[in-house]
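A short worksheet on the structure shown next.
Residue numbers (our numbering): 869 to 1185.
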């Protein structure tokens, strides 16, 4: 597993940890429940597995409720409806969420993961590059990180979404469509990517590397973050604690995720090796990355209005 740790990351992690410790010292006036959305792969399911968060919340009498989602867009729809307080998604879902309401805020970001998503075609396909997707059916999860990957890759090849036939499917429905040949191409992320790679060795037309960043974001309900900043700090501190443990125990993590997802251990281990770790503050550079995505989606009429991403960045009081 390759993990880039800089002095800025160390300082940020230390600050988040101190804030989290400070927050737990004051027992909540009345018990609170943090409602967390997660997927069956990635940072938050590992945090759930460690039990670190529950142990820390025991000091304040607070609790956590976990809700599983198939992908980021569905998770943020739930957050926008007030059904969950905290979650993690890729780079595109928060843009669509902000376009829908002002309820979702960014609280932290992970490093980029350039090999954790890709646009693939069957090994026997005659399509050799992104330009070859013109007029073809391409499966993707609408409003997900791969929506941005596909849009950016097409743009780089001189194409737009209007030049292809997008087929919007959640991963569980896209895989059989891809395997049966009903899709010419598929834009997908790990561990679905590593799974199909192991099964049929598809051709990768492009990964995120050199096209987009593929960064994960920790997001919160604005009201929750405003009302309970101590819980946000505690969450981020325990995420970084869990991430540090994961980096030292990737074999154990892979085994757990393999058991939970039902995927072969080798498939999960490959996906885990492509993960990146560390909840860091939203820097100006990261905000600028998201602004470029928002501007591109607006230009392509994928969102109805121009957004200022900074308006959705949580600023602790």
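Glycine included, every Cβ here is placed at the ideal spot set by N, Cα and C.
Since this is a predicted model, take the numbers as computed values, not measurements.
query, result
"Taking DSSP as the reference, what is the three-state secondary structure of residue 892?", "Caution is warranted here: a pLDDT of 45 is assigned to residue 892, below 50, making its placement in the model unreliable, and the coordinate value is therefore given only provisionally. Residue 892: helix per DSSP, three-state reduction."
"Here's a check: name, in chain order, each residue in its chain whose Cβ is nearer than 7 Å to the Cβ of residue 1174, leaving out the five neighbours to either side.", "1166"
"Consult DSSP for residue 919 and reduce its assignment to one of helix, strand or coil.", "coil"
"Helix, strand or coil for residue 913 per DSSP?", "helix"
"Could you give the distance in angstroms between the alpha-carbon of residue 1052 and the alpha-carbon of residue 1094?", "46 Å"
"Within 10 angstroms of the Cβ of residue 1114, are there 16 or more other Cβ atoms? Answer buried if so, exposed if not.", "buried"
"Look up residue 1008 in the DSSP assignment and give the residues it is bridged to.", "1036"
"Among the residues of its own chain, which have a CB less than 6 Å from the CB of residue 1139, if the five just before and after it don't count?", "1058, 1059 and 1062"
"Is it right to say residue 1110 is buried, meaning 16 or more other beta carbons lie within 10 angstroms of its own, or is it exposed?", "buried"
"So which of 1164, 1177 and 1178 has the shortest CA-CA distance to residue 1017?", "1164"
"Can you tell me which residues form a DSSP beta bridge with residue 1054?", "988 and 1007"
"With C-beta atoms as the reference, is residue 946 less than 8 Å away from residue 937?", "yes"
"Just checking, does the region 969 to 983 make contact with the region 1085 to 1094 on the three C-beta pairs under 8 Å criterion?", "yes"
"Which same chain residues end up closer than 8 Å to residue 1026 when comparing Cβ atoms and leaving out the 5 residues on each side of it in sequence?", "999"
"Which same chain residues end up closer than 6 Å to residue 1067 when comparing Cβ atoms and leaving out the 5 residues on each side of it in sequence?", "none"
"Just to confirm before moving on: does the CB-CB distance between residue 959 and residue 1168 stay below 8 Å?", "no"
"Candidates 1049, 1015, 1079 and 1092: which alpha carbon is nearest residue 1183's?", "1092"
"Should the region 916 to 935 be regarded as contacting the region 957 to 973, the criterion being three or more beta carbon pairs within less than 8 Å?", "no"
"Which one of 912, 1077 and 984 has the shortest CA to CA distance from residue 1135?", "984"
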